[in-house]
Amino acid sequence: MDSLTLDALLELERAGWTSLCNRTGGAFYGDLMTDHGLMVLVDGSVMDRDAVIASLNDAPGWDTYEITDPRLVPAGGQTAALIYKAKASRGDAEPFEAVMNSTYALVDGQPRLALYQQTTTTH
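Residue numbers (my numbering): 593 to 715.
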């Protein structure tokens, strides 16, 4: 369970956000997500791993991001959830602000993203 620590999961989340800034999110999340992983986005869409990869390959990059108030929630066995607030911006658009829930499971000893959910804080 050592790889499901707050520091380890925050490192993965930061790497994910950096990949979104660099427009390499499709490859990053394709490797990170479990085969049956899902993302639930603020617009209500539910995307499986293949849809996430496809959408991120075409997504514009973020210019900046900030992660605050991280909390680790051990979920039993070899799973844990990381909850945090994020703020990201691109161009002149209003910043995107949400609470994130990333639930990880150990697969072959490595943390893999099983479920990710965004809840907006600006609506």
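By construction, the Cβ of each residue, glycine as well, lies at the ideal position given by its N, Cα and C atoms. Fair warning: this is a prediction, and the values are worked out from it, not measured in the lab.
Residue i burial status per 10 Å Cβ neighbour count (16 or more: buried)
{"i": "V644", "result": "buried"}
{"i": "G701", "result": "exposed"}
{"i": "P652", "result": "exposed"}
{"i": "E605", "result": "buried"}
{"i": "F694", "result": "Position check: residue 694 holds Ser in this sequence, whereas Phe was assumed. Buried, since its Cβ has 16 or more Cβ neighbours within 10 Å."}
{"i": "Y703", "result": "Per the sequence presented here, residue 703 reads as Pro, with Tyr not at that position. Buried."}
{"i": "T711", "result": "exposed"}
{"i": "S637", "result": "exposed"}
{"i": "L617", "result": "Per the sequence shown, the amino acid found at residue 617 is Gly instead of Leu. Label assigned to G617: buried."}
{"i": "A685", "result": "exposed"}
{"i": "A678", "result": "buried"}
{"i": "G668", "result": "exposed"}
{"i": "M593", "result": "Low confidence applies here, because M593 scores a pLDDT of 45, under 50, leaving its location unreliable and the question unanswered by this model."}
{"i": "A646", "result": "exposed"}
{"i": "G683", "result": "exposed"}
{"i": "A619", "result": "exposed"}
Residue i - partner residues in DSSP beta bridges
{"i": "V691", "result": "K677, T711"}
{"i": "A672", "result": "P666, Y696"}
{"i": "R704", "result": "A697"}
Span of the alpha helix (DSSP H) around residue i
{"i": "D623", "result": "617 to 624"}
{"i": "G608", "result": "598 to 613"}
Contact test: residue i Cβ vs the ligand ADP heavy atom, cutoff 7 Å
{"i": "G701", "result": "Questions concerning the ligand ADP fall outside what the structure shown contains, since it holds no ligand whatsoever."}
So does the segment 658 to 678 actually touch the segment 626 to 636, counting three or more Cβ pairs closer than 8 Å?
no
Between the segment 597 to 608 and the segment 672 to 679, are three or more C-beta pairs nearer than 8 Å?
yes
What beta strand (DSSP E) runs, 3 residues minimum, are completely inside the segment 629 to 664?
638 to 640
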